[in-house]
Structures are given as C-alpha cells and as structure tokens.
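To start, the structure under review is shown below, and the notes come after it.
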Amino acid sequence: MILTNLDRPTYQANLAETGFGLLPSILQKKECQELADLFDATELYRKTIVMQQHGYGSGEYKYFSYPLPPLVDQLRHDLFTQLAPVANDWNARLGLPLRYPDNLDEWLETCHQAGQNRPTPLMLKYGPGDWNALHQDLYGELYFPFQAVLFLSQPGVDYTGGEFIMTEQRPRMQSKATVLQPHQGQILVFTTRYRPAKSARGYYRTAMRHGVSDVHTGQRINLGLIFHDAA
Ligand SMILES: O=C(O)CCC(=O)C(=O)O
Ligand SMILES: [Fe+2]
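Residue numbers (our numbering): 53 to 283.
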C-alpha cells in the first residue's frame with residue numbers, strides 16, 4: 053500500500069469541516085512525470101473530451117479504459133480503502149442509509165450491477181487560456197462521496213495560473229470559494245457532491261463544485277481519480 057502513513061484523524065476532521073483535504077506529497081517528481089507522459093499513450097483511453105466542444109471550459113481530458121495502468125489502479129484502491137470509513141461516517145451523520153465496503157472491487161461490483169460499468173479515472177491537460185468550469189462528477193445514481201486529484205505539474209515552473217477552485221453553496225446564503233495551488237506530487241481529496249455542515253439541529257448537506265481557473269502559461273496535467281464508474 054502506498055498510502056500507509058496518512059494521519060487519518062487529521063484529514064478526516066479537515067474533510068468534514070471544509071469538504072477537502074490536501075495530502076502530503078506522496079509521488080516523486082519522476083513518478084509524476086511518468087504519469088503525465090501517459091496522456092499521450094492513446095491506446096490507454098476509452099474516450100477523449102475536448103472541453104470547449106461541450107461548454108465545459110477549455111482543454112482536453114481522457115478517460116482510461118480498463119485495465120487501468122498499475123500505479124493508477126493501486127492509488128485508486130489505496131485511497132478508496134482510506135476514505136471508505138470517512139464516507140460511512142458522513143452518511144451516518146447525514147442520515148443516508150448507504151454504506152461502502154472498504155474494498156474498491158466490491159464497491160465497483162455494486163456499480164457494475166447497477167449498469168455503471170465504464171471506468172472514470174481520467175487525465176486532464178490544460179495549456180494557456182484553458183480552464184475547467186465548476187462542476188460535479190456524477191455519472192449515474194451511485195456515487196462515492198469523495199474523489200481525488202493528483203497534481204502532476206509544478207505550479208510556477210511548468211505552468212502559471214490554473215488554480216484549483218471549490219465552491220460551497222450554503223443554503224439560503226451566498227457561496228464560499230476556496231482556491232488551492234497544490235504542488236507537484238500532492239493529492240487533493242474533496243467531496244464529490246455534498247459536505248455535512250453542522251447546525252444547531254444536527255447536520256445538513258451543502259453542495260460543492262470544483263473547477264480550474266485560467267491557465268496563463270505552460271502546461272498543467274492532472275490525474276483525476278473518481279471511485280464510482282459511469283453508466
Ligand atoms: O484539473 C483539475 O485539477 C480538476 C480535475 C477534475 O475536475 C477532476 O479530476 O474531476
Ligand atoms: Fe471534476
């Protein structure tokens with residue numbers, strides 16, 4: 053397992069309070085480079101999306117086919133095992149009945165039986181002027197409440213601009229935005245859909261969206277890990 057040293061209580065508290073958690077750098081520069089180089093290995097992908105053609109922003113992303121490259125598959129499994137207990141805690145607080153197994157294969161089997169059987173891990177590439185509109189990555193009825201992004205390029209060196217943005221839509225109030233610029237090798241875990249916010253009467257859900265601001269110069273490549281498959 054790659055992710056053995058995570059301080060679970062700390063990131064669990066961060067996740068619940070903010071809807072996201074930035075993990076320490078886990079990947080070396082060389083591993084980031086190797087993963088970024090996968091972008092051009094066309095045989096690895098089932099689908100390419102040119103974002104401007106769909107109104108999603110500007111840039112390109114590609115969904116991997118199964119079998120996933122070994123490192124991508126391992127990271128997806130390890131992160132899922134770490135996050136499943138946190139997901140179950142959230143669902144309990146929010147009064148949602150669904151519970152997740154701590155083994156990704158078991159959860160994917162549930163997705164596949166519900167007709168969500170296409171892989172969702174993806175590589176994204178942005179050049180100057182590219183950006184990603186605020187969105188949620190939902191691909192059917194079943195979803196896992198967290199997803200992750202691996203930052204494969206170094207801000208300030210490989211690119212400028214291109215900050216990661218999250219918004220939290222507070223019920224009956226204006227939205228809050230958070231801007232992050234993680235460095236190369238970091239993994240950002242964030243909520244796919246809602247975060248449990250505390251009120252005097254218990255927990256309620258606030259919807260969160262994520263996106264990327266304009267890249268000014270250079271090239272920004274990221275790996276997105278989504279744990280539910282797509283219909
Ligand atoms: O490029 C990014 O940092 C955002 C990627 C994204 O939207 C995703 O992985 O779901
Ligand atoms: Fe996304």
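Glycine included, C-beta positions come from ideal geometry on N, C-alpha and C. Computed from a predicted model, the values in this text were never measured in an experiment.
Using the three-state DSSP reduction, which class does residue i fall into: helix, strand or coil?
i, result
"Arg98", "strand"
"Ile54", "In this predicted model, Ile54 has a pLDDT of only 49, less than 50, meaning its place in the structure is not dependable; the value taken from the coordinates is given anyway. Coil at Ile54, not helix or strand."
"Leu176", "strand"
"Phe196", "coil"
"Arg257", "strand"
"Thr269", "strand"
"Ala282", "strand"
"Thr244", "coil"
"Arg128", "helix"
"Val201", "strand"
"Leu67", "helix"
"Asn169", "coil"
"Asn143", "helix"
"Pro207", "strand"
"Ala120", "For clarity, residue 120 is Leu in the given sequence; the question names Ala instead. Coil at Leu120, not helix or strand."
"Leu148", "coil"
"Gln105", "helix"
Per DSSP, what are the beta-bridge partners of residue i in this structure?
i, result
"Asp262", "Reading off the sequence shown, one finds His at residue 262, where the question assumed Asp. His187, Met218."
"Ser227", "None; Ser227 has no bridge partner."
"Ile239", "Leu75, Leu202"
"Ser110", "Trp183"
"Ala93", "Bridge partners of Ala93: none, in fact."
"Ala249", "Tyr256"
"Leu275", "Met175, Leu202"
"Thr212", "Thr269"
"Leu156", "Looking at the DSSP assignment, Leu156 forms no beta bridge with any residue, so it has no partner."
"Leu232", "Phe216"
Please state if the CB of residue j and the CB of residue i are separated by a distance shorter than 8 Å.
i, j, result
"Gly107", "Phe242", "no"
"Ile101", "Leu204", "no"
"Leu160", "Arg245", "no"
"Arg222", "Arg170", "no"
"Leu174", "Lys114", "yes"
"Tyr211", "Val264", "no"
"Val124", "Leu275", "yes"
"Phe279", "Gln165", "no"
"Gly270", "Asn184", "no"
"Gly192", "Ala283", "yes"
"Gly111", "Lys177", "yes"
"Phe216", "Leu194", "no"
"Lys81", "Gln236", "yes"
For residue i, which option in the options has the closest C-alpha, if you only look at C-alpha atoms?
i, options, result
"Pro153", "Cys163, Pro207, Thr219", "Cys163"
"Leu186", "Glu193, Asp125, Met175, Met218", "Met218"
"Thr254", "Trp142, Glu95, Pro119", "Before going further, note that residue 254 is Gly rather than Thr in the sequence given. The candidate whose alpha carbon is nearest that of Gly254 is Trp142."
"Gln126", "Thr94, Glu95, Leu146, Leu87", "Leu87"
"Leu122", "Leu96, Leu146, Ser77, Ala136", "A quick correction: the sequence has Pro, not Leu, at residue 122. Of the candidates Leu96, Leu146, Ser77, Ala136, the one whose C-alpha sits nearest the C-alpha of Pro122 is Leu96."
"Leu146", "Arg261, Ala68, Gln206", "Ala68"
"Ala259", "Tyr63, Asn140, Ser227", "Ser227"
"Glu220", "Arg151, Val201, Phe196, Arg247", "Arg247"
"Asp182", "Leu277, Ile78, Gln105, Leu131", "Gln105"
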